[in-house]
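Q: Taking this note's numbering, I'd label the letters of the sequence shown as residues 8 to 141. A virtual CB, placed ideally from N, CA and C, is assigned to each residue, including glycine.
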Amino acid sequence: MSQKTYVMIKPDAVRRGLVGRIIARFEDAGLTIERMEFGTLTREQAAANYAEHEGKPFYEGLVNYITSGPVVKMVLSGPGAVAVCRKLMGATNPAEAAPGTIRGDFGLVVDENVIHGSDSPESADREVGIFFGE
Ligand code: UDP
Ligand code: MG
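1) Could you tell me if the beta carbon of Phe-65 falls within a distance shorter than 7 Å of some heavy atom in ligand 1?
2) Flag this pair as yes or no: are the beta carbons of Ile-16 and Val-26 separated by less than 8 Å?
3) Return the CA-CA distance between Arg-50 and Ile-73, expressed in angstroms with no decimal places.
4) Which of the three DSSP states is assigned to Phe-45 in this structure?
5) Considering only heavy atoms of ligand 1, does any lie closer than 7 Å to the CB of Gly-46?
6) Report back the beta-carbon spacing between Val-91 and Gly-97 to the nearest angstrom; my notes put them in contact at under 8 Å.
7) With distances taken from CA atoms, which of Tyr-13, Ala-54, Ser-75 is nearest Pro-130?
8) Would you call the region 64–82 and the region 111–122 in contact, with 3 or more CB pairs under 8 Å?
9) Counting C-beta neighbours from all protein chains within 10 Å, is the total for His-60 16 or more, i.e. buried, or is it exposed?
10) Would you check whether ligand 2 has a heavy atom nearer than 7 Å to the C-beta of Asp-126?
11) Mapping DSSP to helix, strand and coil, what is Val-116?
12) Can you tell me whether Glu-134 is buried or exposed? The criterion is at least 16 other CB atoms within 10 Å of its CB, across all chains shown.
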């Protein structure tokens with residue numbers, strides 16, 4: 008059964024010109040692009056997306072980073088899309104992400120880790136709501 012997830016190409020990856028290559032990986036895996044929008048997050052959207060991390064040492068830096076320039080916001084769909092996208096992305100810290108994953112191939116440090124993807128179907132519903140109002 009098809010599932011939806013929220014995936015976002017972060018500002019460092021947009022600045023570095025990686026958008027096309029990253030989107031190709033999701034398309035190559037067979038996922039469908041349902042929605043896509045280019046733009047800079049408001050601090051309110053960033054805070055809503057990362058509410059679970061409020062108060063952690065990296066939180067302020069994370070909000071500054073994610074609002075530092077345009078991102079590519081996407082809703083992707085396909086069987087098991089949430090877990091499939093997390094697998095394609097790789098571990099949170101690019102230094103630990105396996106080669107062949109997006110973070111493993113395009114990132115080096117955890118505070119600029121290239122891409123975001125929902126971590127559960129419940130998070131996906133919440134995040135799609137934040138960014139696409141559905
Ligand atoms: N992050 C960070 N430093 C850390 C941990 C996380 O800057 O020590 C940032 C990083 O951008 C990460 C985001 O906070 O993607 C959310 O962290 P989470 O643990 O939810 O990782 P994710 O779900 O993105 O893999
Ligand atoms: Mg997370």
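A: Quick answer:
1) Looking up residue 65 in the sequence shown gives position 58. Yes, the Cβ of Phe-65 comes within 7 Å of a heavy atom of ligand 1.
2) Taking the first residue of the sequence shown as 1, we reach residue 16 at position 9. Taking the first residue of the sequence shown as 1, we reach residue 26 at position 19. It is a contact, given that the beta carbons lie within the stated cut-off.
3) Looking up residue 50 in the sequence shown gives position 43. Looking up residue 73 in the sequence shown gives position 66. So the alpha carbons of these two residues sit roughly 9 Å apart.
4) To locate residue 45, count along the sequence shown from 1; it is residue 38. It is a strand residue.
5) Indexing the sequence shown from 1 puts residue 46 at position 39. No.
6) Numbered from its first residue, the sequence shown carries residue 91 at position 84. Numbered from its first residue, the sequence shown carries residue 97 at position 90. Not quite, the Cβ-Cβ distance comes to about 12 Å (not below 8 Å), so this is no contact.
7) In the sequence shown, counting from the first residue as 1, residue 130 sits at position 123. Residue 130 is actually Ser in this sequence, not Pro. Comparing Cα positions, the closest option is Tyr-13.
8) yes
9) On the sequence shown, residue 60 is found 53 positions in, with the first residue counted as 1. By the 10 Å Cβ count, His-60 comes out exposed.
10) Taking the sequence shown and counting its residues from 1, one reaches residue 126 at position 119. Checking the Cβ of Asp-126 against ligand 2 gives yes.
11) Taking the first residue of the sequence shown as position 1, residue 116 is located at position 109. The answer is strand: DSSP assigns Val-116 an E or B state.
12) The count along the sequence shown starts at 1 and reaches residue 134 at position 127. Buried, because 16 or more other Cβ atoms sit within 10 Å of the Cβ of Glu-134.
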